[in-house]
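These notes concern the structure reproduced below.
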């Protein structure tokens with residue numbers, strides 16, 4: 003992504019440096035998020051349940067968009083967001 007979209011003239015050393023920086027920054031952000039969730043009283047069970055509820059409801063509309071020739075993008079977007087809303091309401 004870095005070479006393709008940000009710096010097409012990047013050499014191997016620059017790409018390696020950027021990848022290492024991104025890994026460290028991502029790790030620090032996830033560490034901060036985990037500490038924040040711990041202080042809020044949320045554990046990994048809650049996080050996994052929330053992810054399954056929020057993301058899982060968009061799987062069927064997107065699958066239909068990819069596999070059904072009569073499906074369209076508007077239906078997939080409305081179905082995904084509608085599914086997320088209904089899933090969070092029932093959760």
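Residue numbers (my numbering): 3 to 93. We treat Cβ as the ideally placed atom computed from N, Cα and C, and that holds for glycine.
Contact check for residue 56 against residue 79 fails: the beta carbons are separated by 8 Å or more. Counting the other CB atoms within 10 Å of its CB gives residue 10 a total below 16, which places it among the exposed residues. Taking C-beta separations shorter than 6 Å and ignoring five residues to either side along the sequence, the partners of residue 66 in its chain run 73, following chain order.
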